[in-house]
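Residue numbers (our numbering), protein chains in the order written: chain A, 3 to 197; chain B, 3 to 197; chain C, 928 to 1259; chain D, 928 to 1259.
Structure first, then comments.
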Ligand SMILES: Nc1ncnc2c1ncn2[C@@H]1O[C@H](COP(=O)(O)OP(=O)(O)O)[C@@H](O)[C@H]1O
Ligand SMILES: Nc1ncnc2c1ncn2[C@@H]1O[C@H](COP(=O)(O)OP(=O)(O)O)[C@@H](O)[C@H]1O
Ligand SMILES: [Mg+2]
Ligand SMILES: [Mg+2]
Ligand SMILES: [Mg+2]
Ligand SMILES: [Mg+2]
């Protein structure tokens, strides 16, 4: 799943950097997220907990910027939320894992829905996973991908309140948030591999 | 005469800077020669010797670069070549005055005709003044202006061997030399005021 | 138009630039563990250590100020990107000492998040460390919540001051007090005239129309809101020094220092001309302006523009600024 | 496109920039007689004085190196233009002393002509002064007549060396010998990637196509002849360090110093990357490369490019380079 998402992310690298620049950021989100996936490609681990922790560590070691800490924290939270030695997860376990990731991110940033950050995609996607728990993994991820995409779309007319883009004020309105767009791309890739 | 030449020089300021840049110099000859004429406008003196010396001093005080020393030296040489207290000069005196200026410039630079510098205009103009001595001042300056202009024209196809432009080598070929062009402009202005 | 920079593979930018920096100043600094710049000869560990973190691409900042009298370590991220929390934690472990550590964090989301994560872990491990967050950019308005204000080049004189205090052997709490007082009394405002290119992806940052400039530009070319037609140097200086004076509260009889930090393509010629007018305006207000600095300290690639930093100084700051410093890019 | 610079009336550029410079570094320098920059506290006049001359627009050069351990005076012309001979003569009169004066002249037509005129007059007046002409630019070819080679930023380490010798109280002849030996053993090569704008007339200098660079560019953007497509940092470093090694004769076992002088818009990031490769190549040849410098010392407005300076060092040079210097833009 990481490999598939990595491929889709790499294909859109330029777009993510352009969105970062367009909303008033420093135009490097594409570079950051691609570096993150390159780092994650080197991770391994026999069970979910170890693998997720390894993903988090690799990513934080090699990727920099907000992306490093946000994604690193997300993966770390997921790792902490899965049981030790588990090498399979049921629908409830997956939903709990993503909930754990979201909770941990909440510790490093105060951003929530409406602040024009990746939280606009991640929050509804995590909620959708939980809501669709009874319908099995493919349906859960399809719902999450739709929710993430809708969330990312909605960031266009928002005014950035966190991250570098916030300094632009009114002028940040228009383009989607770079981090929300890449997060939606990741959930879409997850959904595709499960179908 | 200085005032008239100054007006013509000012009108062409941009051209002289462009020629300086085009032949591979630093694109400031227009600025330098205009500064020189602004400085000279403040000079006075009751006789030729004092006035010329004053022109030279003012110019060297305020103008900078090669122009400062070349023109300053030229005027100083002229001052030294005229008799003390003279407030009028006959044709021979004028020719001798310009000859003195040229000789003194020869002290600060080894450039001669063919090196793509102001010497390509000044040398033939000074010779023409001497050659036309018997025909009176207006004819002398008309001949000098023609000679200076022909000399400046001829610098186009030359390869610069002195000044900043020399570093361009082959690529200095094409545009006229900036200093030769401004020198020709000065002689033309002198010729016009005498007509 | 292709990007015109002297670089090799964009992926290796930070590693290569740090290698070159360390080779060039090998008497003064060295790289440990890939992205941590430390002094060639460490400071006596009975003294408080000063550490900072930040992305690359802003050279000489921040690593150029590692050395005698200023920083003990600079933890470097990728271009314009904060280093990850694990790297910072590693540096904090390396400098762990009873006297303690001061971590200087510029207020940018990435740096703050890395610092928060690393500090939480460091404190768990019993490392004695206190953070000073700089947020002296007044482009969002003098009265804006400090949490919302960016940290710009004002961190450099701040590091000079606390670095000197640490060198004197002052205690952790005193150093933090001196630093926070300096922090509160300084303000920075940036202006940009042209954008620049991101050296990794070649993309444009902060494009400005041919006849406009922007007061309030951020450290990475993030926009600031104060667009105007081109102004003269004197007009620009006046527009910037007035709010800075207001923000710092500098008034007649006070002592202050003025720094012009070029961000890339703006010449020292221009910085001197701007410094001149700003210093004249301060002098006319009766402020005692001590010698300052004009130069490139914290840059934004080849962007044309500068940051104007005004620091109101107390007696102790004045003395600490004068104390010996021998880093690659700041000496006293 | 209008010129984008923070300036006022272009006619006052030099005066205003010098005023700003002197205000900013008032503890170290002051302006006398309009365009002569001297130390705030003069050196003991039992010691030889070091003077140089040159146009403005190259800041911090040359006035930025006036101060303890380097220059006693810098005589400044207008933008890119040598000062007139009378100004230089005035400075020589001001510094007249039995110990003598060394005048450092960069080999450019205007500077040479002013120096020649002023020296002739000074000698008539019994002022003891000797000239060192720098002409270390090898762009015209290593074997070119020195009279035909330009003086670039190599004059700065040269001034450091002779400045230190003067500070030690060495005699005029010894200082000239040390300086001429340093002069013969150094070489500089410049490269440009973009042109710049003349700050007085707004005209373009040294326009380069979007995908080309030029090795051999002069101090004022005068062309040099080595046009090529854009090269990487490593390729550029290799193409430049090889002829410099040849010109200086640096070989295994020798000690050398490498300096990268940014001319305007090129970032320190890039200079470090270039320094890295050039130093690695020298080290691979068995050369002992001592700590060097990367920074903007002698600039050409906002041009992108740099000068690479290689100096082969004798024992005495090595020691003189390390001696204390506390000028605004060069310290040791
Ligand atoms: N404080 C924050 N809280 C939540 N998300 C943030 C925050 N700061 C940045 N982001 C997210 O990170 C994205 C930018 O990532 P990136 O460009 O890699 O970081 P940087 O700001 O270090 O250049 C933004 O588009 C936004 O989605
Ligand atoms: N060594 C020299 N000998 C004769 N003329 C020279 C010399 N150097 C420069 N010139 C003349 O001066 C002109 C350039 O003047 P200017 O641009 O004012 O000087 P600078 O070279 O100081 O920028 C050249 O076009 C040339 O005619
Ligand atoms: Mg970004
Ligand atoms: Mg010129
Ligand atoms: Mg970034
Ligand atoms: Mg010139």
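Think of the CB as a built atom: it goes at the ideal place given N, C-alpha and C, for glycine as much as any other residue.
Check: Buried/exposed call for residue 1245 of chain C, threshold 16 Cβ in 10 Å; Outcome: exposed
Check: Residues sharing a beta bridge with residue 1059 of chain C, DSSP; Outcome: C/1031
Check: Residue 975 of chain C vs residue 964 of chain C beta-carbon contact at 8 Å; Outcome: no
Check: Buried versus exposed, by CB contacts within 10 Å (16 or more), residue 123 of chain B; Outcome: buried
Check: Any non-hydrogen atom of ligand 2 within 7 Å of residue 164 of chain B CB; Outcome: yes
Check: Helix, strand or coil at residue 1101 of chain D according to DSSP, with G and I counted as helix; Outcome: helix
Check: Whole-angstrom distance between residue 85 of chain A and residue 48 of chain A, CA atom to CA atom; Outcome: 13 Å
Check: Cα-Cα separation, residue 1215 of chain D to residue 1121 of chain C; Outcome: 41 Å
Check: DSSP-derived helix/strand/coil call for residue 136 of chain A; Outcome: helix
Check: Three-state secondary structure assigned by DSSP to residue 930 of chain C; Outcome: coil
Check: Beta-carbon spacing of residue 189 of chain B, residue 132 of chain B below 8 Å; Outcome: no
Check: Closer than 8 Å to chain C by CB, residue 84 of chain A; Outcome: no
Check: Heavy atom of ligand 3 within 7 Å of residue 919 of chain C beta-carbon; Outcome: Only positions 928 to 1259 of chain C appear in the structure, and residue 919 of chain C is not among them; the question remains open.
Check: heavy atom of ligand 1 below 7 Å from residue 121 of chain A C-beta; Outcome: yes
Check: Interface flag, residue 1081 of chain D vs chain B, CB-CB below 8 Å; Outcome: no
Check: Same chain, Cβ closer than 7 Å to residue 128 of chain B, five either side skipped, listed in chain order; Outcome: 100, 101 and 104
Check: Residue burial classification, residue 1111 of chain D (beta-carbon count within 10 angstroms, cutoff 16); Outcome: exposed
Check: Near ligand 1: residue 67 of chain A beta-carbon under 7 Å from a heavy atom; Outcome: yes
Check: 3 or more residues per run - each beta strand (DSSP E) lying fully within the segment 134-193 of chain B; Outcome: none
Check: Reference residue 981 of chain C, options C/1130, C/952, C/1231 and C/1005, closest by Cα; Outcome: C/1005
Check: Partner residues on chain A for residue 1132 of chain C, Cβ-Cβ distance less than 7 Å; Outcome: 23, 28 and 29
Check: Residues, ordered as in the chain, of the segment 45-70 of chain B that lie near chain D by beta-carbon distance below 9 Å; Outcome: 59, 61, 62, 63, 64, 65, 66, 67, 68, 69 and 70
Check: Amino acids of chain D, ordered along the chain, whose beta-carbon sits closer than 9 Å to that of residue 115 of chain B; Outcome: Going along chain D, no residue has its Cβ under 9 Å from residue 115 of chain B, so there is no contact; the nearest lies around 17 Å.
Check: Pair within 8 Å by beta-carbon distance, residue 1049 of chain D and residue 998 of chain D; Outcome: no
Check: Whole-angstrom distance between residue 1037 of chain D and residue 78 of chain B, CA atom to CA atom; Outcome: 17 Å
Check: Neighbour list for residue 164 of chain A in chain C, Cβ cutoff strictly below 7 Å; Outcome: 1036
Check: N- and C-terminal bounds of the alpha helix (DSSP H) containing residue 1233 of chain D; Outcome: Per DSSP, residue 1233 of chain D belongs to no alpha helix (DSSP H); it is in the beta strand (DSSP E), 1232-1240.
Check: Where residue 1261 of chain C meets chain D, residues with beta-carbon distance less than 7 Å; Outcome: With chain C covering only 928 through 1259, there is no way to say anything about residue 1261 of chain C.
Check: The segment 1159-1170 of chain C in contact with the segment 1198-1217 of chain D per 3-pair CB rule at 8 Å; Outcome: no
Check: Segment limits, beta strand (DSSP E) that includes residue 1005 of chain D; Outcome: 1000-1006
Check: Where the beta strand (DSSP E) through residue 1090 of chain C begins and ends; Outcome: Unbroken run through residue 1090 of chain C is the alpha helix (DSSP H), 1082-1094; no beta strand (DSSP E).
Check: Top-ranked residue by Cα proximity to residue 1022 of chain C, from C/1032, C/1040 and C/1001; Outcome: C/1001
Check: Neighbouring residues, chain C, relative to residue 81 of chain A (Cβ below 9 Å); Outcome: Neighbours of residue 81 of chain A on chain C: none; closest Cβ ~14 Å, over 9 Å.
Check: Any C-beta of chain A under 8 Å from that of residue 1125 of chain C; Outcome: yes
Check: Option nearest residue 1087 of chain C by Cα separation, candidates C/973, C/979 and C/960; Outcome: C/979
Check: Residue nearest to residue 177 of chain A in terms of C-alpha spacing, selected from A/191, A/162 and A/187; Outcome: A/162
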